[in-house]
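Accompanying notes for the structure given below.
2 protein chains.
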Amino acid sequence: MTREEALALDAQDPLSALREHFTLPPGVIYLDGNSLGALPKATPARIARAVEQEWGQGLIASWNNAGWIALPRTLGDRLAPWIGARPGEVLVADSTSVNLYKVLHAALQLQQGKRKLVVSERSNFPTDNYIAQSVVRAHGGELVLVDTPEDIPPLLDERCAVLMLTHVNYRSGRMHDMALLTRWAHQAGALAVWDLAHSAGAVPVDLLGAAADFAIGCGYKYLNGGPGAPAFVWMHPRHQGQVWQPLTGWLGHAAPFEFSAEYRPAAGIQQYQCGTPPVLAMTGLDTSLDVFDEAHKLGGMAALRRKSLALTDAFIAEIDARVPTANVATPRDASLRGSQVSISLPADVDGYAVMQALIARGVIGDFRAGEPALLRFGLTPLYTRFVDVVDAVGILVDVLAAESWRAPEFQKRSAVT
Amino acid sequence: MTREEALALDAQDPLSALREHFTLPPGVIYLDGNSLGALPKATPARIARAVEQEWGQGLIASWNNAGWIALPRTLGDRLAPWIGARPGEVLVADSTSVNLYKVLHAALQLQQGKRKLVVSERSNFPTDNYIAQSVVRAHGGELVLVDTPEDIPPLLDERCAVLMLTHVNYRSGRMHDMALLTRWAHQAGALAVWDLAHSAGAVPVDLLGAAADFAIGCGYKYLNGGPGAPAFVWMHPRHQGQVWQPLTGWLGHAAPFEFSAEYRPAAGIQQYQCGTPPVLAMTGLDTSLDVFDEAHKLGGMAALRRKSLALTDAFIAEIDARVPTANVATPRDASLRGSQVSISLPADVDGYAVMQALIARGVIGDFRAGEPALLRFGLTPLYTRFVDVVDAVGILVDVLAAESWRAPEFQKRSAVT
């Protein structure tokens, strides 16, 4: 694809106006929205209002008057249609890890100790497997990790309590068939817990359509809620009233402002709230969901997905054509692909240093060590352009050809990669 | 005390300059900093910088370049001296409820199943008792609640695993003797877990001096971190490496950016981190700790405590002199008093409506139902003046004399009280 062809695609892109809702630094091609979403233009003023007016002037009364106390539910209701859930089913609270802890305990409890295996992938994002290790320990169970998705079906048997998967793999960008795997899990009598960290806002998700049991996900990646924005949690309505989660904080109580001594869980998803909601962080997510309202007007998730696949197709084609030494680790089959492209480079090329050299040239992706080591490029349909794809790969070609990544400054490791 | 005498006390107050660090709405006497601290003047610009520069321009690189990844520890280090801990011992993370869950599990684990009773107060803030109910259930233990502090010592025996107390009671403002109760708990072989929600930033706390085992607390009350600001957690260094907490998220791992499959807890307090820190919320707390740096220069906690007691003494004296029908529920003994004054009114006076009438007149405290129903007035030495005490009680006298609280608009209940 020539730069001119890319610009022509951008000119025809029905979603191109959405990029105008984001602040992006000049000279930067930001391809790391799968790690930290970009800043919506409306967010600074909205957070400033929350700080100066709602907190500074409204003070304690803002829990009622500014709707603070309802934020976990109102944000959940706004998010629900993007993950195939209904209003009233989703709660925004805590972190992805904490929410996984809640739902995994709940899921194992539903199995009443009769089944004790949790099945997941070794390549799952580590926090999921760490949390699962803790929860299975509490239930006297075991975490079984598979090395490839093909190894999952044989483990879905009468010993399997929970199939716990991240819908889109954080390293490869490979996407599972949620409906199929959930069906297989259910046929085996297991429950399906889905982590939507790399799905929500990026790919179509239909939790109710898949009849999934529990889901959790992240607010600061494709949802653009800001660094460390609160996460979300969903439970299928069929489990309401059947289950108890262990983080029994006061705001998950049926009547928190009665201040009664005995815990009595709220009905439905509200029982997954624990402590006081982080209002300023939630305000960021509230504002970023406004951009999704705009996306809804322009065709919603179907349109986002079309553009996402066109972007990742283009990125893969550019890599194939211009970086023949690279191996594309992300599935070429669109039905198996999230909204990122990961590539590996030959063993004699230091991928970490290549990414640092790219960043120095304004192309921001990230690097993940492992087998193979990967360069990840997140392509978010809300603000990535086709010209960004062509330019980014062009700069990668330059960096590799000139071996500029060999400069000592690009070898230096940071605390966070 | 006459208004002139109060103004004279304010003029002599060595801490009076600290009030200038806060934004307070004109015409408001804010006596609810024990529920939501006021807005520091520097916070809006600092949060705007975090949003617009660190997030908007710095994007993902700010995890390293803006120090985001270290915030849980750097804020913990800043907070440490105010609670009698050392740098490296305190972590800022999650909510008070979630942190209590972590430390209570850890404490029961240290008892190795040999002791299973958790002793607390029925009048403890409900979330503490709710979380304890969940944790004792997981450990096959029991939560024993006492009705008065005098009932605690007899329960400190060979069956007691943990004495879990909130240092300053949220209703009465009564303060426990942390050192004495911790000593008694230890003499009985129990561990002491302290909730500092109404203590941190308000009263002297010496965790190491008391040899306490674990502590948690809140960032949005006397610490002024903003609505739903993250909480904190502390563990005595003697327990480092001895114990495991169940919320085993990736940032509590010894080497999170190795992305290894097996959980391996970080050394010390770092293992109490779970998910990704809420950067914007933490920035609020970071800024509010600057005000405490100023307070440190003016005499630190000793000076804050002197002023706090002078304020609460004055409030109690004004109530005694001018509202003889009210009963002061907060201890008159200064050594037993936090930084609030709670009063009850005769049974034929609707305390809730009185508080609404006070708020309509610009005096913001809050109301807590129960036996007795209480009107709470938080007096924070950082921004409350003596003239506020005199004026607030004067307005209470007016409201009671004119029975203006009987107006129908003041009977209406809000969701959050």
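Going down the list, the sequences are from chains V and Y. At position 366 of the first sequence (counting the first as 1) the number is 366 in the numbering used here, and the numbers step up by one without a gap. Converting from the second sequence to the numbering used here requires adding 1000 to each position, the first position being numbered 1. Even glycine gets a Cβ: it sits at the ideal position worked out from N, Cα and C.
In the structure shown, Glu158 of chain V falls within a coil segment according to DSSP collapsed to helix, strand and coil. For Leu1191 of chain Y, there is no enclosing alpha helix (DSSP H); the residue is part of the beta strand (DSSP E) that begins and ends at Leu1191 to Asp1195. Close to chain V, meaning a Cβ-Cβ distance shorter than 8 Å, are the following residues of the region 1026 to 1046 of chain Y: Val1028, Tyr1030, Asp1032, Ser1035, Leu1036, Ala1038, Leu1039, Thr1043 and Pro1044. One alpha carbon belongs to Gly1241 of chain Y, the other to Gly1268 of chain Y, and they sit about 7 Å apart. The beta-carbon distance between Arg1361 of chain Y and Ile1319 of chain Y, rounded to whole angstroms, is 17 Å. This is too long to meet the 8 Å contact definition. By the neighbour-count criterion, in which a residue is buried when 16 or more other Cβ atoms sit within 10 angstroms of its Cβ, Asn1065 of chain Y is exposed. Residue pairing for Phe22 of chain V: DSSP places it in a beta bridge opposite V:Pro40.
A Cβ of chain Y is located within less than 8 Å of the beta carbon of Ala415 of chain V.
Restricting attention to beta strand (DSSP E) runs no shorter than 3 residues, the region 326 to 362 of chain V encloses them at 340 to 344, ordered along the chain. For His1296 of chain Y, there are no C-beta contacts with chain V under 8 Å, since the nearest C-beta of that chain is about 24 Å from it. Nearest CB-CB separation between Leu1145 of chain Y and chain V: below the 8 Å threshold.
Taking every protein chain shown into account, the CB of Arg174 of chain V has 16 or more other CB atoms within 10 angstroms, so this residue is buried. Within the region 1130 to 1155 of chain Y, the residues whose Cβ lies closer than 7 Å to some Cβ of chain V are Tyr1130, Ile1131, Gln1133, Ser1134, Ala1138 and Leu1145, listed in chain order. DSSP, reduced to helix, strand and coil, places Met164 of chain V within a strand of the structure shown. Chain V places no beta carbon closer than 8 Å to that of Leu1379 of chain Y, leaving this residue out of the contacts. According to the DSSP assignment, Ser134 of chain V belongs to the alpha helix (DSSP H) that extends over Pro126 to His139. Burial state of Arg264 of chain V is exposed, judged by a 10 Å Cβ sphere holding fewer than 16 other Cβ atoms. One alpha carbon belongs to Gly284 of chain V, the other to Ala303 of chain V, and they sit about 24 Å apart. For Ile1060 of chain Y, the closest Cβ of chain V is nearer than 8 Å. Under the Cβ criterion of 8 Å, Trp234 of chain V is not counted among the residues facing chain Y. For a cut-off of 8 Å, the C-beta gap from Thr330 of chain V to Leu379 of chain V is around 10 Å, too long to register as a contact.
Here Thr1287 of chain Y is buried, its C-beta having at least 16 other C-beta atoms within 10 Å. Along the region 1089 to 1115 of chain Y, the positions whose C-beta sits under 8 Å from a C-beta of chain V are Asp1094, Ser1095, Thr1096, Ser1097, Val1098 and Tyr1101, read in chain order. Cα atoms of Asn1224 of chain Y and Ala1093 of chain Y: separation of roughly 16 Å, rounded to the nearest angstrom.
The C-alpha of Leu1079 of chain Y is placed about 21 Å away from the C-alpha of Asp1177 of chain Y. Around the Cβ of Pro408 of chain V, a 10 Å sphere holds fewer than 16 other Cβ atoms; the residue is exposed. Counting only unbroken stretches of 4 or more residues, the alpha helix (DSSP H) elements lying wholly within the region 51 to 111 of chain V are 62 to 65, 71 to 79 and 96 to 110, in sequence order. Around the Cβ of Ala1085 of chain Y, a 10 Å sphere holds 16 or more other Cβ atoms; the residue is buried. Contact with chain V is absent for Phe1214 of chain Y, since none of that chain's Cβ atoms lies less than 8 Å from the residue's Cβ.
Across the structure, Gln1012 of chain Y and Arg1322 of chain Y are spaced so that their CA atoms are roughly 25 Å apart. The alpha-carbon of Leu9 of chain V is positioned some 7 Å away from that of Phe386 of chain V.
If you check each beta-carbon in the region 238 to 265 of chain V against every beta-carbon of chain Y, the ones closer than 7 Å belong to Pro246, Leu247, Thr248, Gly249, Trp250, His253, Phe257, Phe259, Ser260, Ala261 and Tyr263. With contacts defined by Cβ atoms closer than 8 Å, Val397 of chain V and Phe315 of chain V do not form a contacting pair.
At a cut-off of 8 Å between beta-carbon atoms, Leu207 of chain V makes no contact with chain Y. Taking all protein chains shown into account, Asp1348 of chain Y has fewer than 16 neighbouring C-beta atoms within 10 Å of its C-beta and is therefore exposed. Shown here, His1296 of chain Y sits in a helix according to DSSP, grouped into three states.
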